[in-house]
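What follows is a set of notes on a single structure, which appears directly below.
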Amino acid sequence: MGEVTQQRLLRTGIPVDGNQLIDFGSGIAVVSVGNAAPRVVEAVQRQVADFTHTCFMITPYEEYVAVAEALNDLTPGSFAKRSALFNSGAEAVENAVKIARSYTGRAAIVAFDHAYHGRTNLTMSLTAKNMPYKHRFGPFAGEIYRVPMAYPFRWPTGPEQCADEAFAAFVDDVHTQVGEANTAAVIVEPIQGEGGFVVPAPGFLSRVAQWCAEQGILFIADEIQTGFCRTGDWFACSHEGIEPDLITTAKGIAGGLPLAGVTGRAEIMDAVHVGGLGGTYGGNPVACAAALAAIETMRVDDLVGAARRIESIMKPRLTALAEKYEVIGDVRGRGAMLAVELVVGAGDRTPNPVLTAAISSACHRDGLITLTAGTYGNVLRFLPPLVIGEALLSEGLDILDAAFAATA
Ligand SMILES: Cc1ncc(COP(=O)(O)O)c(C=O)c1O
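In our numbering, the protein residues as written are -10 to 397.
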């Protein structure tokens, strides 16, 4: 299959040239509403015919304000909020760090093992994994400190101890190596994305958030991959009842158009001097029109419920696969953000990236797009569009099963 043909095939179950690919990737968690969602298509066409750009900082427009209001309304926390819009996830994270430093007057940012926050210099510095994200791209930004993640499957003393011990290590590291009074913010993905869909041990994140609040350290939730219904709630922080000081969003927000946001407590967002945040294209009107239509689709079509339904179908199937194939060491995730971690065999948790790549290729060959992830490259992650039908979902899982049968 030629590369061009493959590009043309990235549609959920639409046959082209006699081929069919089922999409369990959504363009890396972007086209949650589908890749030509009718409301998004209509809104984009209408907006393009109206105007394509003014630069919001020069001539403000209603669509930007409406997206900011929607973000203020939908994100966790009933306090007063403000939102600013940008072009990409990495740009949102960069700005969240700027805002946190400006508000607190502190420089240090604490990030976690297995974190992924982007590929610009600052966000690459926050990202944990060397290859391919950081290798030969240094020097990296300063004042970034890394702490252990409460990763139940790989916690040395076992999953039961994970939350307590990881929290103790986090507090100790920040106290001894950084200093609470020097720390502007802790940034964390409520479920880690590129790092392997690591769901932090229950209770870990809420304790981190509580401790941060006690120290005057801001808690930044990077919801770029987890946000907008993906995990079976509007935002993954809600699963632990966390109300972050700042939240970054992108990916699923605009049905495939480039848009990102930082939403935060009003007093924090307002602390930045006038003109300190911005950019030529941030909050582009066409992307904003797409976002409003995507958000309406999520609301009207109940894509929170859809993500939960996907989990209720996929999780038992993945668990059954894990019983059948001992190379599946762990099944995890929430909503339509699910993964399996592949190991060498039962009782041996050595990561198995070679098999992971082979199974992903076999799936692709047989008509299913899956993505790999994980610090050790041994995680198969599944991010189907939230509008996927049950028949297609089930067919995709059959292809996955067959790929394990043939490869594992
Ligand atoms: C959690 C998280 N943060 C930040 C980013 C960077 O977003 P972008 O690729 O839009 O710059 C990503 C992208 O995968 C992500 O998953």
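Cβ coordinates follow ideal geometry from the N, Cα and C atoms, glycine included.
Val175: CB within 8 Å of a non-hydrogen atom of ligand 3:
Inclusion of ligand 3 in the displayed structure is not the case, the ligand content consisting of ligand 1 alone.
In the DSSP assignment, what are the bridge partners of Ala362?
Translated into the one-based positions of the sequence shown, residue 362 becomes position 373. Partner(s): Val368.
Look up Arg28 in the DSSP assignment and say whether it is helix, strand or coil.
To locate residue 28, count along the sequence shown from 1; it is residue 39. Arg28 falls in the helix class under three-state DSSP.
Heavy atom of ligand 1 less than 8 Å from the Cβ of Ile213, yes or no?
Locating residue 213 in the sequence shown gives position 224, where the first residue counts as 1. Answer for Ile213: yes, Cβ within range of ligand 1.
From what residue to what residue does the alpha helix (DSSP H) around Met46 run?
Working through the sequence shown from its first residue, we reach residue 46 at position 57. First-last for Met46: undefined, no H or E at that position.
Other residues of its chain near Ala276: CB distance less than 7 Å, five sequence neighbours each side excluded:
Position 287 of the sequence shown holds residue 276. Correct list, in chain order: Ala243, Leu246, Pro247, Leu248.
When you compare only the Cα positions, how much space is there between Ser67 and Ala79?
Taking the first residue of the sequence shown as position 1, residue 67 is located at position 78. Taking the first residue of the sequence shown as position 1, residue 79 is located at position 90. Roughly 26 Å between the two C-alpha positions.
Would you grab the beta carbon distance between Gly324 and Phe186 for me? Rounded to a whole angstrom, and I think it's under 8 Å.
What you label residue 324 is simply residue 335 of the sequence shown in a count that begins at 1. What you label residue 186 is simply residue 197 of the sequence shown in a count that begins at 1. Actually they are not in contact, since the Cβ atoms of Gly324 and Phe186 sit about 11 Å apart, beyond 8 Å.
Consult DSSP for Ile400 and reduce its assignment to one of helix, strand or coil.
Only positions -10 to 397 of the chain appear in the structure, and residue 400 is not among them; the question remains open.
Coil, strand or helix - Thr286 by DSSP:
Indexing the sequence shown from 1 puts residue 286 at position 297. Note: Thr286 maps to helix in three-state DSSP.
Tell me whether Gln34 is buried or exposed, calling it buried when 16 or more other Cβ atoms sit within 10 Å of its Cβ.
Taking the sequence shown and counting its residues from 1, the one referred to as residue 34 is at position 45. Exposed: under 16 other Cβ atoms inside 10 Å.
Quick one: residues in its chain with C-beta nearer than 8 Å to the C-beta of Gln(-4), no 5 flanking neighbours on either side, listed in chain order?
Position 7 of the sequence shown holds residue -4. Interpretation of Gln(-4) is limited by its pLDDT of 45, a score under 50 that renders its predicted location unreliable; the figure taken from the coordinates is listed afterwards. Nothing listed; no residue qualifies.
For Asn84 and Leu207, which I take to be in contact (beta-carbon distance under 8 Å), what is that distance rounded to the nearest angstrom?
For this step, residue 84 is matched to residue 95 along the sequence shown. For this step, residue 207 is matched to residue 218 along the sequence shown. Asn84 to Leu207, Cβ: 13 Å. No contact.
Taking the beta carbon of Ser383 as the centre, do at least 16 other beta carbons fall within 10 Å, making it buried, or is it exposed?
If you number the sequence shown from 1, residue 383 lands on position 394. Burial call: exposed.
Going by the C-beta, is Arg321 closer than 8 Å to any heavy atom of ligand 1?
The residue you call residue 321 lines up with position 332 of the sequence shown. No; taking the cut-off as 8 Å, the Cβ of Arg321 has no heavy atom of ligand 1 nearer than that.
Helix, strand or coil for Met(-10)? Go by DSSP, reduced to three states.
For this step, residue -10 is matched to residue 1 along the sequence shown. Legend: pLDDT at Met(-10) = 38, less than 50; position of this residue unreliable, no value from coordinates given.
I'd like to know if the stretch 170 to 185 and the stretch 70 to 78 are in contact, where contact means that at least 3 CB-CB pairs between them fall below 8 Å.
no
Considering only C-alpha positions, which residue in the set Ala174, Arg288, Val136 is nearest to Thr165?
Here the question's residue 165 lines up with position 176 in the sequence shown. Answer by Cα proximity: Val136.
Cβ neighbours of Ile399 in the same chain (closer than 8 Å, five flanking residues each side left out):
Residue 399 lies beyond the residue range present for the chain, which begins at -10 and ends at 397; the question has no answer from this structure.
Can you tell me whether Arg28 is buried or exposed? The criterion is at least 16 other CB atoms within 10 Å of its CB, across all chains shown.
The residue you call residue 28 lines up with position 39 of the sequence shown. The residue in question, Arg28, is buried, as its Cβ has 16 or more Cβ neighbours within 10 Å.
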